[in-house]
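Novice: Protein chains in written order, with the working numbering: chain E, 38 to 220; chain A, 34 to 186; chain H, 2 to 308.
In this text, a Cβ means the ideal position worked out from N, Cα and C, and glycines have one as well.
Because the structure is a prediction, the values reported are computed rather than measured.
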Amino acid sequence: MSDPETIEIIEACRRGDREAFRALYEAHKDKVYSIALYFFHGDPAAASDATQQVFLKLITNIKGFRGDSEFLTWLHRLVVNTCLDGSRKNKSRERSEDPADLARLADPASQDDNMARRQIASRVQAALSSLPPKLRMPILLRYFEELSYAEMAEALQCSAGTVASRLNQGHKLLAQKLERLRR
Amino acid sequence: MEMVKRAFLLVTVVSGAWGADFSLAIGNPVAVARPNGVVKKDIGFAVRGENCADVAAIQVAGTAEGVVDGARRSIPLRLIAGETAGTFAISHDWPQQGTWVVSLTGHCGNATASAVVPIGRSGFIRESSKFFPRAATAAEVESALKTLTGGGK
Amino acid sequence: MNQPQDKPPIGPMEPGDLPLVKAPDSIWISIETTLDAKPEPRGIGTFRWQWAAASLAVIGAVSWYAMRPSPPSWAVSTLEGSPSVDKIKVGEWLQTDASSRARITVGSIGTVDIEPNTRVRLVAASPTEHRLTLARGEISATVTAPPRLFLVDTPASTAVDLGCAYKMKTDESGDGVLRVTSGWVSLEWEGRESLVPAGADCRTRSRTGPGTPYFADAPEALQEALAAFDFRGGGPDALATVLNQARVRDTLTLWHLLSRVDPADRVGVFNRMVDLVPLPSGVSREKALQLDSATLKSWREELAWKW
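#1: What does G60 of chain A reach in chain H if we use C-beta pairs closer than 8 Å?
#2: Here's the rule: buried if 16 or more other CB atoms are within 10 angstroms of the residue's CB, otherwise exposed. What is R149 of chain H?
#3: Please identify the residue among H:K23, H:A222, H:I30, H:S31 whose C-alpha is closest to the C-alpha of V69 of chain E.
#4: Would you call L43 of chain A buried or exposed, if buried means 16 or more other Cβ atoms sit within 10 Å of its Cβ?
#5: At least one CB of chain H closer than 8 Å to the CB of R81 of chain A: is that the case?
#6: According to a CB-to-CB cut-off of less than 9 Å, which residues of the region 18-41 of chain H neighbour chain E?
#7: Between the C-alpha atoms of D276 of chain H and S166 of chain E, what's the straight-line distance to the nearest angstrom?
#8: For the ligand SAM, any of its heavy atoms closer than 7 Å to the Cβ of F55 of chain A?
#9: Comparing the C-beta of H208 of chain E with each C-beta of chain H, is any distance below 8 Å?
#10: With 16 other CB atoms within 10 Å as the buried threshold, where does K307 of chain H fall?
#11: I'd like to know if the region 120-138 of chain H and the region 86-96 of chain H are in contact, where contact means that at least 3 CB-CB pairs between them fall below 8 Å.
#12: Drop a sphere of 10 angstroms on the beta-carbon of D251 of chain H, count the other beta-carbons inside from all chains shown, and report buried for 16 or more, exposed for fewer.
#13: Examine chain H for any beta-carbon lying closer than 8 Å to the beta-carbon of R71 of chain E, and answer yes or no.
#14: Which residues of chain H have a Cβ atom closer than 7 Å to the Cβ of R179 of chain E, listed in chain order?
#15: Please list the segments of the beta strand (DSSP E) lying wholly inside the region 132-168 of chain A, counting only runs of 3 or more residues, in order along the chain.
#16: Between which two residues does the beta strand (DSSP E) containing D238 of chain H stretch?
#17: Using a cut-off of 8 Å between C-beta atoms, extract the partners of V63 of chain A located in chain H.
#18: Taking the straight line between their C-alpha atoms, what separation do you get for E182 of chain E and S299 of chain H?
#19: Tell me the rounded alpha-carbon separation between L196 of chain H and S124 of chain E.
#20: Who are the neighbours of S161 of chain A on chain H, taking C-beta pairs under 7 Å?
#21: So, is S101 of chain H buried or exposed, given that buried needs 16 or more other C-beta atoms within 10 angstroms?
#22: State the Cα-Cα distance for the pair I110 of chain H and A146 of chain H, rounded to the nearest angstrom.
#23: Terminal residues of the continuous alpha helix (DSSP H) containing D266 of chain H?
#24: Can you tell me the Cβ-Cβ gap for L10 of chain A and T96 of chain A, rounded? I've got them flagged as a contact below 8 Å.
#25: What residues in its chain sit with their C-beta under 7 Å from that of T134 of chain H, if we drop five residues either side in the sequence?
#26: Got a sec, what are the start and stop residues for the alpha helix (DSSP H) T117 of chain A sits in?
#27: Do the region 287-304 of chain H and the region 256-267 of chain H make contact, defined as three or more Cβ pairs closer than 8 Å?
#28: Does DSSP put T170 of chain A in a helix, in a strand, or in coil?
#29: Kindly confirm or deny that the region 144-163 of chain A and the region 101-108 of chain A touch, where touching means at least three C-beta pairs closer than 8 Å.
#30: Quick one: what's got a C-beta closer than 7 Å to A62 of chain H's C-beta in the same chain, skipping five residues either side?
#31: Using only CA atoms, which one of A:V149, A:G183, A:R154, A:S155 lies nearest to A172 of chain A?
#32: Count the other CB atoms, across all protein chains shown, that sit within 10 Å of the CB of R52 of chain E; report buried if there are 16 or more and exposed otherwise.
#33: What does the alpha-carbon distance come out to for the pair V316 of chain H and L21 of chain H?
#34: Is DSSP giving E175 of chain A helix, strand or coil here?
#35: Name the residue from E:R217, E:L215, E:Y186 whose alpha carbon lies nearest to the alpha carbon of R203 of chain E.
#36: Would the region 77-90 of chain A count as touching the region 115-126 of chain A if we require 3 or more Cβ pairs under 8 Å?
Shown next, in the form of structure tokens:
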């Protein structure tokens with residue numbers, strides 16, 4: 038079950054309390070946006086679009102949220118479905134490892150002035166972008182949210198075994214890519 | 034010989050660039066950016082003088098010549114100077130009803146040029162517009178109007 | 002063996018490799034705009050005018066608008082249907098049904114005709130900004146004002162008046178089209194801008210924003226290829242068709258494409274443009290290919306004489 042404070046906010050959202058919805062949005066917007074941003078190759082327009090859709094779906098369907106699972110799991114499921122739908126509907130967003138695209142990803146919105154950190158981020162983003170969506174998403178979910186296998190399985194709507202398999206495969210490919218990009 | 038040469042040069046300067054006669058060109062209303070004093074939705078099209086040594090001295094005047102319910106009409110047009118010297122916005126002073134052509138005459142010093150521009154439902158018809166290195170004759174204007182009335186558009 | 006409650010490894014990445022990115026403020030604004038476009042459930046302090054058959058409706062604003070002192074308003078007149086409102090205030094919605102049309106007088110600068118089955122909201126009516134939201138349907142705007150005073154937002158674009166008259170149509174997702182009948186309109190959305198002159202159209206699409214403008218009389222093959230290029234990832238084939246079909250006045254379209262094609266394709270667009278209209282003196286080929294903004298502006302101003 039979700040914690041009592043979350044339950045109270047959700048109840049307020051069900052009553053149409055706009056301030057409660059705003060509070061829910063503020064609490065989770067950056068992680069949702071970040072997952073979408075890295076999923077869509079650093080495209081802020083696509084990430085904004087996906088983030089908007091996630092929260093609109095959330096408030097539209099909040100009356101149907103039964104509270105019998107963690108609220109966060111439900112939110113993650115919305116993020117997964119919205120990003121994967123967006124990826125399927127717009128194949129042009131699935132780009133190959135084009136140097137021009139990698140250059141565009143090289144300066145993420147970050148408060149960190151450390152050049153070395155930015156270079157690492159750019160390499161990791163480039164490597165992530167080369168993975169297919171179904172491997173990219175579990176990696177991002179795991180990276181930004183501390184989920185268990187069971188929680189990830191619920192969010193991705195697959196078995197825990199499939200989660201383990203995709204993460205394993207994705208991490209291997211990522212490691213290979215990162216090694217190549219370091220050269 | 035020297036006087037003949039100077040006279041030749043003078044004539045050439047007055048008439049414009051080397052080898053090219055003064056002429057008028059027409060364009061989309063947006064070609065005259067933000068003209069002053071005209072309600073922007075009332076611009077029919079843009080006109081400018083070309084091949085004139087002194088663009089600031091270019092003068093253009095025009096009338097809308099038309100047929101409304103069988104009656105022949107002529108309306109003097111307002112031309113408003115554009116931001117660039119030698120460019121003008123033609124104010125859409127003719128009514129929607131009837132069939133119209135716009136007759137324009139421009140001067141660059143002693144040189145004259147003209148244009149007869151048919152007006153269609155979507156605005157000026159570039160493909161049917163005629164350009165002359167002199168003032169258009171009344172017969173040429175009537176001919177353009179008759180073509181428009183007879184052929185329709 | 003992994004246990005369900007175990008946390009998986011994060012793989013070759015380390016904490017901090019991917020920084021958390023702050024979501025832009027514009028997302029919440031878009032969410033609110035969309036929520037305000039939906040009928041409000043009872044109990045949140047909204048009110049509605051019950052409208053008779055074939056009449057206009059004004060749907061009252063929510064919470065904080067009701068608390069403010071009386072906001073500015075614009076006059077509303079009925080063009081078709083039975084009149085039930087005579088003004089619209091900032092924050093309020095105006096909605097027409099299938100057989101009603103209305104005219105909003107936009108301050109002292111023009112009018113906006115609201116076609117049937119259309120929903121608009123007055124967002125701002127100040128000396129520096131006159132702004133409407135078009136949630137769905139069609140409007141015709143005729144405005145005489147300094148540029149950028151009058152704006153209309155749709156789900157996938159913002160139409161910025163540059164001194165003009167135009168029609169704009171959209172559905173709720175943002176798919177729509179703008180047709181300019183006088184002057185210019187700048188169609189903008191999330192960093193993308195299309196300049197649309199009189200006689201030209203520009204499509205918009207949900208999630209993409211404005212497409213590339215084209216003259217309404219452009220060959221159909223060009224229009225279809227352009228739509229494929231703008232919205233369906235049409236790529237080189239679509240671009241080739243656009244270039245082949247382009248006439249002199251379609252340099253409007255090609256001018257926009259210069260900055261939208263891949264760098265490798267830019268020379269092809271440039272070459273086609275100068276085939277159709279010789280490069281004006283004072284416009285540098287090198288600077289044009291580098292997309293120098295002053296060069297592109299000069300080139301556009303000269304090309305407009307061919308449009």
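Specialist: Quick answer:
#1: The residue given as residue 60 of chain A occupies position 27 in the second sequence. Residues of chain H passing the Cβ test: A305, W306, K307, W308.
#2: The sequence position of residue 149 of chain H within the third sequence is 148, counting from 1. With fewer than 16 other Cβ atoms within 10 Å, it is exposed.
#3: Position 32 of the first sequence holds residue 69 of chain E. It is H:K23.
#4: By one-based count along the second sequence, residue 43 of chain A stands at place 10. Low local confidence applies: a pLDDT of 47 at L43 of chain A is under 50, so the model's placement there is unreliable, with the coordinate-based value given in what follows. Looking at its Cβ environment, which holds fewer than 16 other Cβ atoms inside 10 Å, L43 of chain A is exposed.
#5: Your numbering for residue 81 of chain A matches position 48 in the second sequence. Yes - at least one Cβ of chain H is within 8 Å of the one on R81 of chain A.
#6: D18, L19, P20, L21, V22, K23, A24, P25, S27, I28, W29, S31, I32, E33, T35, L36, K39, E41
#7: Position 275 of the third sequence, counting from 1, holds the residue named residue 276 of chain H. Position 129 of the first sequence, counting from 1, holds the residue named residue 166 of chain E. In a straight line, the C-alpha of D276 of chain H is about 40 Å away from that of S166 of chain E.
#8: The ligand SAM is absent from the structure shown, which contains no ligand whatsoever.
#9: Sequence index remark: in the first sequence, residue 208 of chain E carries index 171 (1-based). For H208 of chain E, the answer is yes, since a Cβ of chain H falls inside 8 Å of its Cβ.
#10: As a position in the third sequence, residue 307 of chain H is number 306, starting the count at 1. K307 of chain H comes out buried.
#11: yes
#12: Position 250 of the third sequence, counted from the start, is the residue given in the question as residue 251 of chain H. When all chains shown are included, D251 of chain H counts as buried.
#13: Counted from its first residue, the first sequence places residue 71 of chain E at position 34. Residue identity differs from the one stated: residue 71 of chain E is Ser in this sequence, not Arg. Yes, S71 of chain E lies at the interface with chain H (some Cβ there is under 8 Å from its Cβ).
#14: Taking the first sequence and counting its residues from 1, one reaches residue 179 of chain E at position 142. Per Cβ cutoff of 7 Å: P9, I11.
#15: 132-141, 144-153, 163-165
#16: Your numbering for residue 238 of chain H matches position 237 in the third sequence. First-last for D238 of chain H: 236-246, but that is the alpha helix (DSSP H), not the beta strand (DSSP E).
#17: Stepping through the second sequence from its first residue, residue 63 of chain A is reached at position 30. Correct list: G184, W185, P198, A199, A305, W308.
#18: As a first step, residue 182 of chain E must be located in the first sequence, where it is residue number 145. As a first step, residue 299 of chain H must be located in the third sequence, where it is residue number 298. One C-alpha to the other measures close to 51 Å.
#19: Residue mapping note: residue 196 of chain H aligns to position 195 of the third sequence, counting from 1. Residue mapping note: residue 124 of chain E aligns to position 87 of the first sequence, counting from 1. The alpha-carbon atoms of L196 of chain H and S124 of chain E are separated by roughly 29 Å.
#20: As a working note, residue 161 of chain A is residue 128 in the second sequence. None at all; the shortest Cβ gap to chain H is about 14 Å.
#21: Within the third sequence, the letter at position 100 stands for residue 101 of chain H. Note on S101 of chain H: 16 or more other CB atoms within 10 angstroms of its CB, so buried under the neighbour-count rule.
#22: Translated into positions along the third sequence, residue 110 of chain H becomes position 109. Translated into positions along the third sequence, residue 146 of chain H becomes position 145. Cα to Cα, the separation comes out at about 6 Å.
#23: The residue given as residue 266 of chain H occupies position 265 in the third sequence. Segment 264-277, the alpha helix (DSSP H) holding D266 of chain H.
#24: The requested residue 10 of chain A is not part of the displayed model; chain A covers only 34 to 186.
#25: Sequence index remark: in the third sequence, residue 134 of chain H carries index 133 (1-based). Excluding positions up to five away in sequence, the list reads T34, V121, R122, V124, D154.
#26: One-based indexing of the second sequence puts residue 117 of chain A at position 84. From DSSP, T117 of chain A is part of no alpha helix (DSSP H); its letter is neither H nor E.
#27: Contact check between the region 287-304 of chain H and the region 256-267 of chain H: three or more CB pairs, one atom from each, fall below 8 Å, which counts as touching.
#28: As a working note, residue 170 of chain A is residue 137 in the second sequence. DSSP places T170 of chain A in coil when its eight states are reduced to three.
#29: No, they do not touch.
#30: For the purposes of this step, residue 62 of chain H is identified with residue 61 of the third sequence, where counting begins at 1. Summary for A62 of chain H: the model assigns pLDDT 31, below 50, so the residue's position carries little reliability; its value from the coordinates is reported in the next sentence. These residues qualify, in order along the chain: G92, E93.
#31: Sequence index remark: in the second sequence, residue 172 of chain A carries index 139 (1-based). With distances taken between Cα atoms, A172 of chain A lies closest to A:V149.
#32: Residue mapping note: residue 52 of chain E aligns to position 15 of the first sequence, counting from 1. It counts as exposed.
#33: For residue 316 of chain H there is no data in the structure shown, the boundaries of chain H being 2 and 308.
#34: Stepping through the second sequence from its first residue, residue 175 of chain A is reached at position 142. In this structure, E175 of chain A counts as helix in the three-state DSSP scheme.
#35: Here the question's residue 203 of chain E lines up with position 166 in the first sequence. For the residues E:R217, E:L215, E:Y186, the minimum Cα distance to R203 of chain E belongs to E:Y186.
#36: yes
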